[in-house]
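Okay, here's the thing in structure tokens:
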């Protein structure tokens, strides 16, 4: 880590009158630290707009378009200056200086201090492998803010196609001076992003909700299927009729790449097969067969609302869309008709008291049933502990 360099050393390290200036409404270095070459994608504002607002960011670029300095200026913010150092054309360090300390809207100190520092590490191919953000103990801490010195490590992994994954880990000192180290958290995953964009019926998961919302999906769990474009499906192992669990209508607001309008979900609770696949026909009306299909229990009416992410931490009876929360290794099935990875429809969790009743739904040892759809086929994968 570099030493706490004096602000004046940076201010006199370059002829700032010769740089190219650009203005942004509110651009923090932390937001672009890991992707400085992509800074050009940020929305600019004019110098006139910058001077008329209460705060903005002023960036200084050299003739090669590299960011050298980023200032936060204006009456509505505590001024700061960030300086970036380069070696062989790539950033190696950056330092942020705050030009005063504010507390509850008032300046309690006008003495500049270094507040943050970033260190870049690269492999032999010049690829960024680690970015360390060092947040120094601040005068703010003395005036009541609840944080102390910390380090945030970002790790970058690559494969033949490029950047594969970014993970983040926080380390440092608590407010009472004790060291801490949190688990790594994945903040970017190219494969996961691809799955969310192409292989799920909804990027954001839909989960059961209690209160009515403007945007919600009515959902019926249990009962008998409304539609069944096939004779009652049977278990490939024991030959008995499969038990009907529920069906998912594959219409708005869900994406549907299959040729089906509904995905009926069946399972054999006697054999507990790992994978169950059924091919359905879209032009066959087997309402009589649908009426004969055995349901796991009587109908339960639910309303589903959007969760805040693709993998809600709280386990519900059913999660529609998002991505599977796998118990074991990932098992994304491929379609027998087209060979593509199937679209994830829903995840059904074991429940010892469905909707607060004495009805039980169990997949092995507190397992989960993951259902996928593509072309004419519905495939369910069961995993348990």
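In the numbering used here, the protein residues as written are 18 to 402.
Just so you know, even glycine gets a beta-carbon here, dropped at the ideal spot from N, CA and C.
Bear in mind that the values here come from a model prediction, so they are computed numbers and not experimental data.
**Message:** Assuming the contact rule is C-beta atoms closer than 8 Å, residue 267 and residue 393 should be a hit. Round their C-beta distance to whole Å, please.
**Reply:** Contact doesn't hold; Cβ gap of about 12 Å is too wide.
**residue 281 and residue 264 closer than 7 Å at C-beta** = In contact: residue 281 and residue 264 (Cβ atoms closer than 7 Å).
**Asked** Name the DSSP beta bridge partners of residue 197, please?
**Response** Residue 197 pairs with 189.
**Per-residue DSSP class, three states only, for residue 108** = Three-state DSSP puts residue 108 in a strand.
**Message:** In chain order, what are the residue ranges of uninterrupted alpha helix (DSSP H) at least 4 long that sit wholly in the region 205-266?
**Reply:** Fully enclosed alpha helix (DSSP H) runs of 4 or longer: 207-215.
**Message:** Please identify the residue among 352, 25, 324 whose C-alpha is closest to the C-alpha of residue 340.
**Reply:** Here the closest residue by C-alpha is 324.
**Residue from 297, 222, 57, 351 whose Cα sits closest to the Cα of residue 40** = Here the closest residue by C-alpha is 57.
**Message:** Between which two residues does the beta strand (DSSP E) holding residue 132 run?
**Reply:** Where residue 132 is concerned, the enclosing beta strand (DSSP E) stretches over 130-139.
**Request:** Could you check the C-alpha separation between residue 284 and residue 319 for me, to the nearest Å?
**Result:** Annotation: residue 284 to residue 319 spans about 21 Å, alpha carbon to alpha carbon.
**Prompt:** What residue does the beta strand (DSSP E) around residue 395 start on, and which one ends it?
**Reply:** Here the beta strand (DSSP E) through residue 395 covers 394-400.
**Span separating the alpha-carbon of residue 68 from that of residue 171** = Straight-line Cα distance between these residues: approximately 35 Å.
**Prompt:** Buried or exposed: where does residue 396 fall if 16 or more other Cβ atoms within 10 Å of its Cβ makes it buried?
**Reply:** Residue 396 is buried by the Cβ-count criterion.
**Asked** How should residue 346 be labelled, buried or exposed, when 16 other C-beta atoms within 10 angstroms of its C-beta is the threshold for buried?
**Response** Residue 346 is exposed by the Cβ-count criterion.
**Item:** Simplified DSSP state of residue 168, which is helix, strand or coil
**Value:** In the structure shown, residue 168 sits in a strand (DSSP, three-state: E or B).
**Message:** Rounding to the nearest angstrom, what Cα-Cα distance links residue 259 and residue 181 in this structure?
**Reply:** Answer to the nearest angstrom: the Cα atoms are 40 Å apart.
**Request:** Look at the alpha carbon of residue 91 and the alpha carbon of residue 43, and state the distance between them as a whole number of angstroms.
**Result:** Those two C-alpha atoms are separated by around 11 Å.
**Best match in 102, 215, 61 for proximity to residue 50 [C-alpha to C-alpha]** = In terms of Cα proximity to residue 50, the closest of 102, 215, 61 is 102.
**Message:** Could you check whether residue 361 and residue 217 sit closer than 7 Å to each other, using their CB atoms as the reference points?
**Reply:** Yes, these two residues count as a Cβ contact at 7 Å.
**Item:** Nearest-angstrom Cα separation, counted from residue 113 out to residue 231
**Value:** Those two C-alpha atoms are separated by around 44 Å.
**Asked** Is the beta carbon of residue 359 less than 7 Å from the beta carbon of residue 401?
**Response** In this structure, residue 359 lies away from residue 401, with their beta-carbon atoms at least 7 Å apart.
**N- and C-terminal bounds of the alpha helix (DSSP H) containing residue 28** = The continuous alpha helix (DSSP H) containing residue 28 extends over residues 24-28.
**Asked** Quick one: Cα of residue 379 to Cα of residue 173, how far?
**Response** One C-alpha to the other measures close to 40 Å.
**Message:** Going by DSSP, what residue range makes up the alpha helix (DSSP H) through residue 67?
**Reply:** It spans 64-69 - the alpha helix (DSSP H) in which residue 67 sits, taken as one unbroken run.
**Residue interval of the alpha helix (DSSP H) (run including residue 49)** = For residue 49, the enclosing alpha helix (DSSP H) has its first and last residue at 46-49.
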